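*Asks:* Protein sequence lines correspond, in order, to chains A and B. Numbered per the numbering used here, the first sequence spans residues 1 to 398. Numbered per the numbering used here, the second sequence spans residues 1 to 398. Here it is, the structure in full.
There are 2 protein chains.
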Amino acid sequence: MPENARATHLDAVRERNLASVLGAVAHHQPVTRARLAELTGLTKTTVTGQVAVLERLRLVVGADPVRVGGRGRPGAPVSLAPGPVAGLGLEVNGQYLAACVLDMTGAVRARATVAGDNRGRRPDATVAALADLAGRIAAEAAASGLDIVGTAVALPGVLVEDRVNAPNLGWDAVPAADLLTAALPVQPFGVTVDNEANFGALGELWYGAGQGAGSYLYLSGETGVGAGIVVGGKLFRGAHGAAGELGHVVVDPDGRPCRCGGAGCLEQVAGLDALLRTAGIPDASGTAAAGLAELERRLAEGDPAALQAAAAAGAGLAIALTGAVNLLDPDTVVLGGIHARLAPWLVPTVEAAVARSGSRLRGRTPAVRAASLGTESAVRGAAGTAIARIFADPGALA
Amino acid sequence: MPENARATHLDAVRERNLASVLGAVAHHQPVTRARLAELTGLTKTTVTGQVAVLERLRLVVGADPVRVGGRGRPGAPVSLAPGPVAGLGLEVNGQYLAACVLDMTGAVRARATVAGDNRGRRPDATVAALADLAGRIAAEAAASGLDIVGTAVALPGVLVEDRVNAPNLGWDAVPAADLLTAALPVQPFGVTVDNEANFGALGELWYGAGQGAGSYLYLSGETGVGAGIVVGGKLFRGAHGAAGELGHVVVDPDGRPCRCGGAGCLEQVAGLDALLRTAGIPDASGTAAAGLAELERRLAEGDPAALQAAAAAGAGLAIALTGAVNLLDPDTVVLGGIHARLAPWLVPTVEAAVARSGSRLRGRTPAVRAASLGTESAVRGAAGTAIARIFADPGALA
Numbered sequence: 001m002p003e004n005a006r007a008t009h010l011d012a013v014r015e016r017n018l019a020s021v022l023g024a025v026a027h028h029q030p031v032t033r034a035r036l037a038e039l040t041g042l043t044k045t046t047v048t049g050q051v052a053v054l055e056r057l058r059l060v061v062g063a064d065p066v067r068v069g070g071r072g073r074p075g076a077p078v079s080l081a082p083g084p085v086a087g088l089g090l091e092v093n094g095q096y097l098a099a100c101v102l103d104m105t106g107a108v109r110a111r112a113t114v115a116g117d118n119r120g121r122r123p124d125a126t127v128a129a130l131a132d133l134a135g136r137i138a139a140e141a142a143a144s145g146l147d148i149v150g151t152a153v154a155l156p157g158v159l160v161e162d163r164v165n166a167p168n169l170g171w172d173a174v175p176a177a178d179l180l181t182a183a184l185p186v187q188p189f190g191v192t193v194d195n196e197a198n199f200g201a202l203g204e205l206w207y208g209a210g211q212g213a214g215s216y217l218y219l220s221g222e223t224g225v226g227a228g229i230v231v232g233g234k235l236f237r238g239a240h241g242a243a244g245e246l247g248h249v250v251v252d253p254d255g256r257p258c259r260c261g262g263a264g265c266l267e268q269v270a271g272l273d274a275l276l277r278t279a280g281i282p283d284a285s286g287t288a289a290a291g292l293a294e295l296e297r298r299l300a301e302g303d304p305a306a307l308q309a310a311a312a313a314g315a316g317l318a319i320a321l322t323g324a325v326n327l328l329d330p331d332t333v334v335l336g337g338i339h340a341r342l343a344p345w346l347v348p349t350v351e352a353a354v355a356r357s358g359s360r361l362r363g364r365t366p367a368v369r370a371a372s373l374g375t376e377s378a379v380r381g382a383a384g385t386a387i388a389r390i391f392a393d394p395g396a397l398a
Numbered sequence: 001m002p003e004n005a006r007a008t009h010l011d012a013v014r015e016r017n018l019a020s021v022l023g024a025v026a027h028h029q030p031v032t033r034a035r036l037a038e039l040t041g042l043t044k045t046t047v048t049g050q051v052a053v054l055e056r057l058r059l060v061v062g063a064d065p066v067r068v069g070g071r072g073r074p075g076a077p078v079s080l081a082p083g084p085v086a087g088l089g090l091e092v093n094g095q096y097l098a099a100c101v102l103d104m105t106g107a108v109r110a111r112a113t114v115a116g117d118n119r120g121r122r123p124d125a126t127v128a129a130l131a132d133l134a135g136r137i138a139a140e141a142a143a144s145g146l147d148i149v150g151t152a153v154a155l156p157g158v159l160v161e162d163r164v165n166a167p168n169l170g171w172d173a174v175p176a177a178d179l180l181t182a183a184l185p186v187q188p189f190g191v192t193v194d195n196e197a198n199f200g201a202l203g204e205l206w207y208g209a210g211q212g213a214g215s216y217l218y219l220s221g222e223t224g225v226g227a228g229i230v231v232g233g234k235l236f237r238g239a240h241g242a243a244g245e246l247g248h249v250v251v252d253p254d255g256r257p258c259r260c261g262g263a264g265c266l267e268q269v270a271g272l273d274a275l276l277r278t279a280g281i282p283d284a285s286g287t288a289a290a291g292l293a294e295l296e297r298r299l300a301e302g303d304p305a306a307l308q309a310a311a312a313a314g315a316g317l318a319i320a321l322t323g324a325v326n327l328l329d330p331d332t333v334v335l336g337g338i339h340a341r342l343a344p345w346l347v348p349t350v351e352a353a354v355a356r357s358g359s360r361l362r363g364r365t366p367a368v369r370a371a372s373l374g375t376e377s378a379v380r381g382a383a384g385t386a387i388a389r390i391f392a393d394p395g396a397l398a
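Next up, the structure:
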């Protein structure tokens, strides 16, 4: 091996060891260096060196000593540091912007939401408003002694070769990553952009109703309807990263035309606009939160039009989700976003349909449940992704 | 490392090297030992030793010398041996049994089909008939100097923890692998059992219309309708191995009840029985081949009932496949089995629907084409799987 190739190789080994030790701390904290050596297969000397690097990077801290069995010298364990290193999640939604700061332990350290209609707003204006929100929450985090080192942004659209198509925002081939990178402060881990359903699936997988599910389908309901597919603990992205467009599964061949170019799509019966339209709730308030709250109020009161809207959404979801279950064979289906809020009116229909369809083939029925992070799944998953990038390559902080 | 652990480790390394050299021969034949050393990163001495092992196992043979650039000593290249080592694929279909023998080069060396109604036949009787077919084709292969070392069996059902549910055969939790292993001769690589749509997808990926597609969806149309999903060159199996049940995607919420437990499934408009029923073709002949041929004849003549059956099947396929494309984002959709035969009447409808739905989101349209192996996709994929097992662990032949 030539000398510089050898150096590169050793750097790569060191970086992998650093990530390996940090991961072992996360899964076994508080944990002694001796135990870390066992867990990682590295020598005690290497572990001690790597822990020193992680302490210098402020990613781990010494925890209270633990005495095993009451004999001998107590171990000097380490834990993940609850700061200052932090990750920022941002979300652009048709009706709001959201932000969330997590520390290395996964704890939420700051959150903010700005209501407002982003549909039809110019992409650069939306990005500027998002950057403004990011600046305010970063200042709030800094006041708590936190230092944001990476950002991930959830968008309600499909990424096609670094450009975003988001019909529900009026975005057509918008170079979102470039716009966001230019608008947000420079950070060691930069800006990661993904579909909000993918981040929602990860949010529920790591912090919510998907915890422990190896393979599951997360349904993201907002103006649009999308799905994040987790297989073996990882996102399934399809050939080009556009997998999970459940909102454009046809549930009524004779149905309304859809912004996607098709007709009779799930989104046209189960998206927020469709629900409010069928329920006869005017979109005059300008905020989806108000419309959704009004729909919930009317459903609780037994308003016939509201119940009809929920029944149509439930029937559409049942068709699309039984199809998805037959195709993907997940353990669990998690209803997120507005469908988590409307779960009492939707889950029984979906559950019965999923249990019926294909039951004689598979001999098992996936569980159907509501997301436990409510409408926060995507922004939490985005922030968690910023943190996950630090875990994957802690040396990048040096 | 303890001495026996070290020996096990060295064995594992040797086995991996053997598979690595065999794989490099397959992809670069005819190829010299020097070039194999470059391709695998192994030393020339190791490669020479492993090639000698592969020659002894009769998996590779010396090819004609090649002189590179006309100078120096000519290399002594090796190629895959076109025998005697061979793999057997078998298929149980509602209306026929099929068998196919491949050698290590992937060439078909023998094939056979036995028409007959297997629907409602006792599983042990069907397995006995399959074993009889396997014995006859193995004898034929032996007469050509071939030695079958592994078998894979395609079944029109779902495997749930080693038991097969195949409603279209009347099989309910049949221990198919046990029955088949008991009925077929003992071979070094034993018996592999999988869903026929999965094997069909692999058959088209390796030898047919899926060649070169990184991610694609293979639709298998017979009495039932299933799909094999290939992502990044590998089968996608879902959480429990039951992914791809496209036949039970709901295409008509008010449609006929289905054997799966649901109603309005794709299979009820696009499966062979449904097509023949709508076309008014009696299932009296006892063989699907006759029914399918009659349907093709009537379609070519413009018979209204036959055209109506094909239109209903095309509409159902369009709904189910646009949903699958939106969920899975494949490069290509391949119509197999009876739908390959009926492709002229189905592809335009499916292609138009797939191009329309979600087009504004993804900005691209997957290709829709007919399987190029006709009704042989599954049995070829099964035989290829038997061969693939040899490539993965050639040392098991020793």
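Glycine included, each C-beta is placed from N, C-alpha and C at the ideal position. Source: prediction; values computed, not measured.
Can a CB atom of chain A be found closer than 8 angstroms to the CB of B:Asp329?
*Replies:* Yes, B:Asp329 counts as interfacial toward chain A.
*Asks:* Keeping to the same chain, check which residues put their C-beta closer than 7 angstroms to that of B:Pro366; ignore five residues upstream and five downstream.
*Replies:* Val325, Pro330, Asp331, Thr332, Val333, Val354.
*Asks:* Determine, for B:Gly261, whether the minimum Cβ-Cβ distance to residues of chain A falls below 8 angstroms.
*Replies:* With 8 angstroms as the cut-off, B:Gly261 counts as an interface residue toward chain A.
*Asks:* Does the beta carbon of A:Glu196 sit closer than 8 angstroms to a beta carbon anywhere in chain B?
*Replies:* Taking Cβ atoms only, chain B never reaches closer than 8 angstroms to A:Glu196, which makes this a no.
*Asks:* Going by C-alpha to C-alpha distance, which of A:Ala34, A:Arg35, A:Val47, A:Pro30 sits closest to A:Ala19?
*Replies:* Of the candidates A:Ala34, A:Arg35, A:Val47, A:Pro30, the one whose C-alpha sits nearest the C-alpha of A:Ala19 is A:Val47.
*Asks:* Give me the Cα-Cα distance between B:Thr400 and B:Ala300, rounded to the nearest whole angstrom.
*Replies:* Residue coverage of chain B in this structure runs from 1 to 398, which leaves residue 400 of chain B outside it and unanswerable.
*Asks:* How many angstroms separate the CA atom of B:Glu351 from the CA atom of B:Leu328?
*Replies:* Cα to Cα, the separation comes out at about 16 angstroms.
*Asks:* How many Å lie between A:Glu376 and A:Ala289 at the Cα?
*Replies:* Distance between the alpha carbons of A:Glu376 and A:Ala289 is about 13 angstroms.
*Asks:* Count the other CB atoms, across all protein chains shown, that sit within 10 Å of the CB of B:Ala398; report buried if there are 16 or more and exposed otherwise.
*Replies:* Burial call: exposed.
*Asks:* If you draw a straight line from the alpha carbon of A:Met1 to that of B:Thr43, how long is it in whole angstroms?
*Replies:* Low confidence applies here, because A:Met1 scores a pLDDT of 47, under 50, leaving its location unreliable; read the following figure in that light. Rounded to whole angstroms, A:Met1 to B:Thr43 spans 14 angstroms at the Cα level.
*Asks:* Quick one, which of A:Gly145, A:Ala270, A:Leu321, A:Leu335 has its alpha-carbon nearest A:Ala311's?
*Replies:* For A:Ala311, the nearest C-alpha among the options comes from A:Ala270.
*Asks:* Any beta carbon from chain B within less than 8 angstroms of A:Asp175's own beta carbon?
*Replies:* Residue identity check: residue 175 of chain A is Pro in the sequence provided, not Asp. Cβ-Cβ to chain B under 8 angstroms: no for A:Pro175.
*Asks:* Please state the DSSP three-state secondary structure of B:Gly210.
*Replies:* Coil, per DSSP.
*Asks:* Per DSSP, A:Pro257 forms a beta bridge with which residues?
*Replies:* Paired residues: A:Ala263.
*Asks:* Here's the rule: buried if 16 or more other CB atoms are within 10 angstroms of the residue's CB, otherwise exposed. What is B:Pro167?
*Replies:* Buried is the call here.
*Asks:* What's the C-alpha gap between B:Thr223 and B:Glu267?
*Replies:* Distance between the alpha carbons of B:Thr223 and B:Glu267 is about 8 angstroms.
*Asks:* So A:Gly89 is in the beta strand (DSSP E); what residue range does that whole segment cover?
*Replies:* Unbroken beta strand (DSSP E) run through A:Gly89: 85 to 92.
*Asks:* So which of B:Val368, B:Arg111, B:Ile319 has the shortest CA-CA distance to B:Gly135?
*Replies:* Ranking the options by Cα distance to B:Gly135, first place goes to B:Arg111.
*Asks:* Between which two residues does the alpha helix (DSSP H) holding A:Arg56 run?
*Replies:* Looking at the DSSP string, the run of the alpha helix (DSSP H) that includes A:Arg56 is 44 to 56.
*Asks:* B:Ala309 touches chain A at which residues, Cβ-Cβ below 9 angstroms?
*Replies:* By Cβ distance, chain A contributes nothing, its closest Cβ being about 17 angstroms from B:Ala309, past 9 angstroms.
*Asks:* Below 7 angstroms between beta carbons is the criterion; list the residues of the region 152 to 180 of chain A that meet it against any residue of chain B, in chain order.
*Replies:* Answer in chain order: Val158, Val160, Asn165, Pro167.
*Asks:* Mind pulling the chain A residues with CB within less than 9 angstroms of B:Arg369?
*Replies:* Chain A residues near B:Arg369: none, gap ~16 angstroms exceeds 9 angstroms.
*Asks:* Indicate whether at least one CB of chain B lies closer than 8 angstroms to the CB of A:Glu245.
*Replies:* Yes, A:Glu245 counts as interfacial toward chain B.
*Asks:* Can you list, in chain order, the stretches of the beta strand (DSSP E) that have 3 or more residues and sit fully within the region 307 to 376 of chain B?
*Replies:* Counting only runs of 3 or more, we get 332 to 337, 367 to 370.
*Asks:* Would B:Leu102 pass as a contact of B:Ala383 if the rule is Cβ separation under 8 angstroms?
*Replies:* Closer than 8 angstroms, so yes.
*Asks:* At the 8 angstroms Cβ level, is B:Thr322 part of the contact set with chain A, yes or no?
*Replies:* At least one chain A Cβ lies under 8 angstroms of B:Thr322.
*Asks:* Determine, for B:Pro253, whether the minimum Cβ-Cβ distance to residues of chain A falls below 8 angstroms.
*Replies:* B:Pro253 counts as touching chain A.
*Asks:* According to DSSP, is B:Leu202 helix, strand or coil?
*Replies:* Three-state result, B:Leu202: helix.
*Asks:* Going along the chain, which residues of the region 325 to 349 of chain A sit with their C-beta nearer than 7 angstroms to a C-beta in chain B?
*Replies:* Listed by position, the residues of the region 325 to 349 of chain A near chain B (Cβ gap below 7 angstroms) are Asn326, Leu327, Leu328, Asp329, Pro330, Asp331.
*Asks:* At 3 residues or longer, and completely inside the region 134 to 203 of chain A: list those beta strand (DSSP E) runs for me, N to C.
*Replies:* Runs found: 147 to 155, 158 to 160, 163 to 166, 171 to 174, 191 to 195.
*Asks:* Rounded to whole angstroms, what is the Cα-Cα separation between A:Glu140 and A:Ala99?
*Replies:* Those two C-alpha atoms are separated by around 12 angstroms.
*Asks:* Identify the residues that DSSP records as bridge partners of B:Arg111: which are they?
*Replies:* In the DSSP output, where bridge partners are listed per residue, B:Arg111 has B:Cys100.
*Asks:* Could you spell out where the alpha helix (DSSP H) holding A:Leu275 opens and where it closes?
*Replies:* Its alpha helix (DSSP H) spans residues 272 to 279.
*Asks:* What does DSSP give as the partner residues of B:Val250 in its beta bridges?
*Replies:* Answer is B:Cys265.
*Asks:* When the Cβ atoms of the region 342 to 349 of chain A are set against those of the region 179 to 198 of chain A, are three or more pairs found closer than 8 angstroms?
*Replies:* Output reads no: the region 179 to 198 of chain A does not touch the region 342 to 349 of chain A.
*Asks:* Can you tell me where the beta strand (DSSP E) holding B:Ala227 begins and where it ends?
*Replies:* Unbroken beta strand (DSSP E) run through B:Ala227: 225 to 231.
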